[in-house]
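The sequence shown begins at 66 in this note's numbering and counts up by one.
These notes concern the structure reproduced below.
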Amino acid sequence: MTLAARALDFGFRDHAVGRALDCALEAGEVVCLLGPNGSGKSTLIRTLLGLQSRLAGEVTLDGRDLEAWSPVERARRLAYVPQATDAQFDFSLREVVEMGRTSHRGVFAGPSAKDREIAAAALERLGIGRLADRPIRAVSGGERQLALVARALATEAGYVVMDEPTANLDYGNQSRLLDEVARLKGAGIGVLVSTHHPEHAFRIADRALLLAAGRLVAQGPTQATLTSEALSALYGQAIVVATVRMGDGTERRVCVPASAG
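Below is the structure:
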């Protein structure tokens with residue numbers, strides 16, 4: 066099982082954001098996509114999901130052209146966690162998460178007992194079960210973001226694509242989300258995560274993709290790809306990648322701006 070792009074040109078009809086891009090997401094792996102603001106991460110993600118038309122090249126899902134899958138088939142296999150925005154309708158968090166079951170029951174059918182059970186379990190997994198009946202416009206941006214992640218979990222899709230899912234989360238909820246990504250990997254699900262935090266990639270990712278001006282400037286195993294030199298070039302700021310020893314004797318990679326202090 067693979068979500069893959071080959072020789073992909075992506076962007077808009079009058080403006081190509083990126084060209085000739087090759088990348089892949091395998092089942093049971095976590096890939097982190099890093100790049101500065103404006104590098105094309107969100108546009109690439111939307112193109113890989115089929116939410117935005119590609120300009121050239123191909124996107125395939127399990128070896129089959131993405132456009133050959135029906136919208137319902139795609140929704141059952143590809144789950145999307147967008148960046149949280151202001152809600153247009155005041156659904157409860159429970160209702161938002163139950164929307165992740167739509168492809169399993171049809172647009173106009175109400176949620177079944179199984180749908181409600183799966184949605185409730187997803188809310189609990191993200192630590193927001195107590196807010197299930199709260200209107201989504203009455204919760205914090207971070208809680209809204211966790212609800213979107215729970216909605217993606219409720220789809221039971223084989224691939225989950227997350228666009229900066231930790232952007233509105235406090236430190237504790239960031240850690241909870243990263244733990245959930247690790248559990249998805251353990252369940253054989255492929256996860257693509259866009260992030261501005263290299264430390265998150267060190268913690269959860271098998272591979273890293275570095276995107277600059279719509280071009281993949283590096284990709285490969287996380288430890289080998291996220292070097293001081295590569296990150297400094299990517300962000301235009303001197304960055305030092307260091308190894309720290311934790312209290313239990315394990316080691317963890319951290320990133321520090323060289324000019325800090």
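C-beta: ideal position from N, C-alpha, C; glycine also.
All of these numbers come straight from a predicted model, not from anything done at the bench.
- When the alpha-carbon of Ala270 is set against those of Arg280, Ala121 and Gly285, the nearest one is in Gly285.
- By the C-beta density criterion, Ser259 is buried, having at least 16 other C-beta atoms within 10 angstroms.
- Here Ala307 is bridged, per DSSP, to Val319.
- Per DSSP, the continuous alpha helix (DSSP H) segment holding Arg111 begins and ends at Lys106 to Leu113.
- Take Gly194, set aside five residues on each side of it, and the residues of its chain with a beta-carbon closer than 8 Å to its own are Ala185 and Leu188, in chain order.
- Glu132 has its alpha-carbon roughly 7 Å from the corresponding atom of Gly115.
- Between the alpha carbons of Pro101 and Gln288 lies a gap of roughly 19 Å.
- Beta bridge pairing from DSSP links His80 with Phe77.
- Residue pairing by DSSP places Tyr145 opposite Val226 in a beta bridge.
- The residue from Glu182, Ala295, Ala203 and Arg268 with its alpha-carbon nearest to that of Val309 is Arg268.
- DSSP, read as helix, strand or coil, puts Pro136 in helix.
- In this structure, Glu91 is the residue among Ala215, Arg199 and Glu91 with its C-alpha nearest to the C-alpha of Leu257.
- Note that the C-beta distance between Glu163 and Pro176 is below 7 Å.
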